[in-house]
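**Q** Residue numbers (this note's numbering): 104 to 479.
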Ligand SMILES: *Cc1c(COP(=O)(O)O)cnc(C)c1O
C-alpha cells in the first residue's frame, strides 16, 4: 500500500443518510425521488436544460450518439488524447472517428485544426475538457453553426468548471458527466446526460427509459406507456442517486478543497516550469479549473518513467494518463489520418500526482519535495 495513493474516494457521511432514507422509502429502482432531487440540484445550480442521471458517463455518451442519430459511415471529430468511451460511443453506431491533435500548451483538442478535418460526412464534434479546463467553446460553436454540426461536450472531468461564466456541459448541444470514483463527485459508478438542445430532450427521456414513454406516463401526460423508439436501460437505481445527493450536499466544500490542492501544487512546482524541467497545466483566460486532477509534463518519456519510479520508491503513486486512441491496439490499423505529435507527447510525458480530498498541505509538500528531489 502506497503512503500516498493516487486517488482515495471521499466519503462525507451524508451519503449513508440518504441511502438509508431511499431504502426505507420502499422505492429504489430508477427515476425515483432521489433521482429527481439530483436533477433539480443540477438544473438549479448550473441552469442546465434537461438532465438525466445515467449509470456512467460512458452510457451518457452512448445516449448522445443515439440522439445524434449517428449512422454507419458518419464522421465524428474528437481528440485522440482521451478515454476510450469518448470514441466507443460512436464506434458502436458505425461512425468513422476523425482524431484531432492536442494543443501544445494543454492536452485539449487544438480547435484551430478542426475546420480542416470537416467533410461532407461530418456529423458531430466531441470536445473533452481535460482536467476540467475548458476548450475554446466560442470557436467550436461558431464552426459547428457554420457547418451545421452537433457539439457534444465530454465533461467527465468538468463538473463545476466554467468557460467564461458558463458552466461546462451547458454550451454544446449535449454534455456528458461522470460520477465514477475517480471524479470530483461520485457514487461509485455513475454519470449524467445534459441536453441543452430542447428539440432533443423528449427523445432523450425515451431512450433513457428503454425506448418507452414511461417518464411521460408517470407525469400523467399519457394514459398508458409503450415502446415508442430505440432505447436501453441507462438510468441508475435510486440508491446510487441517494449516494450522489450526499456528495452534492458537500459540493462547495469538496470543490474548495480540491481547488486548493490544485493551486498549491501549481504554486510550489512553478520553479520547475521556469527552469524548463516541467510543463504545468495551462489555464487560458476564458477557463477556470475545478481541481479535478493535477498533471505535470516532462521533457521526454524517459524522464517521465524515471520520475514515476522515483516517486513510487517514496510511497507516492503517480500515474500516466491516456494512450492516444489512434495508436491503440483496437484502432491503429484503422487509422489513416495525420500524425498527432502533441497527443503522443502527452501520452509519453504526462503524469498525474496524488489528488484526493483528504490530501493535506503537509502531504502536498512531501510530494512536491519528492518531485524537486528528482530534478536536483
Ligand atoms: C472517466 C471518463 C469517462 C468515462 O466515465 P465513466 O463514468 O467511468 O463511464 C469518459 N470520458 C472521460 C474523458 C473520462 O475521464
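Note that CB positions come from ideal geometry on N, CA and C, so glycine has one too. Since this is a predicted model, take the numbers as computed values, not measurements.
Quick check for students: name the residue ranges of the beta strand (DSSP E) that lie wholly in the region 390–421, counting only runs of 3 or more.
**A** Those beta strand (DSSP E) runs which fall completely within the region 390–421 and span 3+ residues are 398–401.
**Q** Leaving out the 5 sequence neighbours to the left and right, which residues in its chain are closer than 8 Å to residue 434 when beta-carbon positions are compared?
**A** Same-chain partners within the cutoff: 190, 200 and 428.
**Q** Is residue 266 buried or exposed, if buried means 16 or more other CB atoms sit within 10 Å of its CB?
**A** With 16 or more Cβ atoms within 10 Å of its Cβ, residue 266 is classed as buried.
**Q** Ignoring anything shorter than 4 residues, give me the alpha helix (DSSP H) runs that lie fully in the region 122–167, in order along the chain.
**A** Here the runs fully enclosed are 136–149.
**Q** Would you kindly report the start and end of the unbroken beta strand (DSSP E) that includes residue 486?
**A** Look at the range of the chain in this structure, 104 to 479, and you will see that residue 486 is not part of it.
**Q** Who are residue 455's beta bridge partners in DSSP?
**A** For residue 455, which the question treats as bridged, DSSP gives the partners 398 and 422.
**Q** If I'm right that residue 181 touches residue 296 with Cβ under 8 Å, what's the distance once you round it to whole angstroms?
**A** No, residue 181 and residue 296 are not in contact; Cβ-Cβ is about 17 Å, not under 8 Å.
**Q** Go through the residues and name those whose CB comes closer than 6 Å to any heavy atom of ligand 1, in chain order.
**A** Those satisfying the condition are, in chain order, 159, 160, 161, 185, 186, 188, 189, 231, 257, 259, 260, 281, 283 and 294.
**Q** Am I right that residue 196 and residue 228 are in contact with their C-beta atoms under 8 Å? What's the rounded C-beta distance?
**A** With 8 Å as the limit, residue 196 and residue 228 do not qualify as a contact, their Cβ atoms being about 16 Å apart.
**Q** Answer yes if the region 443–461 comes into contact with the region 396–406, meaning at least three C-beta pairs across the two stretches below 8 Å, and no otherwise.
**A** Cβ pair count under 8 Å is three or more, so yes.
**Q** Using the three-state DSSP reduction, which class does residue 294 fall into: helix, strand or coil?
**A** Residue 294: strand per DSSP, three-state reduction.
**Q** Should residue 213 be labelled buried (16 or more other beta-carbon atoms within 10 Å of its own) or exposed?
**A** It counts as buried.
**Q** Beta-carbon within less than 7 Å of residue 418's beta-carbon, same chain only, minus the 5 sequence neighbours each way: which residues are those?
**A** Same-chain partners within the cutoff: 105, 106 and 107.
**Q** Secondary structure at residue 315, three-state DSSP: helix, strand or coil?
**A** Residue state, collapsed to three classes: strand.
**Q** Would you list the residues sitting across from residue 225 in a DSSP beta bridge?
**A** According to DSSP, which records beta bridges pairwise, residue 225 is partnered with 178.
**Q** Between residue 349 and residue 117, how many whole angstroms is the CB-CB distance? I'm expecting something under 8 Å.
**A** The pair is a contact, with the Cβ atoms about 4 Å apart (cut-off 8 Å).
**Q** For the putative contact between residue 205 and residue 445, defined by C-beta atoms under 8 Å, what is the C-beta separation to the nearest angstrom?
**A** Sure, about 4 Å apart at Cβ, within 8 Å.
**Q** Answer with buried or exposed for residue 207, where buried requires no fewer than 16 other C-beta atoms within 10 angstroms of its C-beta.
**A** It counts as exposed.
**Q** In the DSSP assignment, the beta strand (DSSP E) including residue 203 goes from what residue to what residue?
**A** First-last of the beta strand (DSSP E) with residue 203: 199–203.
**Q** Assign residue 324 to one of three DSSP states: helix, strand, or coil.
**A** Looking at residue 324 - three-state DSSP - the assignment turns out to be coil, as it is neither helix nor strand.
**Q** Look at residue 122 and residue 342 and say whether their C-beta atoms are less than 8 Å apart.
**A** In this structure, residue 342 lies closer than 8 Å to residue 122 by Cβ.
**Q** For residue 262, which three-state DSSP category applies?
**A** If DSSP states are grouped into helix, strand and coil, residue 262 belongs with coil.
**Q** Give the single residue among 163, 152, 268 and 387 whose Cα lies nearest to the Cα of residue 334.
**A** With distances taken between Cα atoms, residue 334 lies closest to 163.
**Q** If you follow the beta strand (DSSP E) that residue 109 is in, where does it begin and where does it stop?
**A** It is not in any beta strand (DSSP E) - residue 109 carries neither H nor E in the DSSP assignment.
**Q** Ends of the beta strand (DSSP E) at residue 277?
**A** Its beta strand (DSSP E) spans residues 277–281.
**Q** Rounded to a whole number of angstroms, what is the C-alpha to C-alpha distance between residue 458 and residue 316?
**A** If I take the Cα positions, the gap works out to 42 Å.
**Q** Would you kindly check if the distance between the Cβ of residue 231 and the Cβ of residue 263 is under 8 Å?
**A** Not in contact: residue 263 and residue 231 (Cβ atoms no closer than 8 Å).
**Q** Would you mind stating whether residue 158 and residue 293 have Cβ atoms separated by less than 8 Å?
**A** Result yes, Cβ atoms of residue 158 and residue 293 sit closer than 8 Å.
**Q** In whole angstroms, what is the alpha-carbon distance linking residue 423 and residue 198?
**A** So the alpha carbons of these two residues sit roughly 28 Å apart.
**Q** Classify residue 127 as buried or exposed, calling it buried when 16 or more other Cβ atoms lie within 10 Å of its own Cβ.
**A** Exposed, since its Cβ has fewer than 16 Cβ neighbours within 10 Å.
**Q** Taking 8 Å as the threshold (C-beta atoms), are residue 310 and residue 277 in contact?
**A** Taking 8 Å as the Cβ cut-off, residue 277 and residue 310 do not qualify as a contacting pair.
**Q** At the level of alpha carbons, what is the spacing between residue 249 and residue 216?
**A** Those two C-alpha atoms are separated by around 15 Å.
**Q** Confirm, please, whether the CB-CB distance from residue 141 to residue 280 is below 8 Å.
**A** Taking 8 Å as the Cβ cut-off, residue 280 and residue 141 do not qualify as a contacting pair.
**Q** Using 8 Å as the threshold, is the C-beta distance between residue 47 and residue 202 below it?
**A** No information on residue 47 is available, as it lies outside the stretch 104 to 479 that the chain covers here.
**Q** Consult DSSP for residue 357 and reduce its assignment to one of helix, strand or coil.
**A** Helix.
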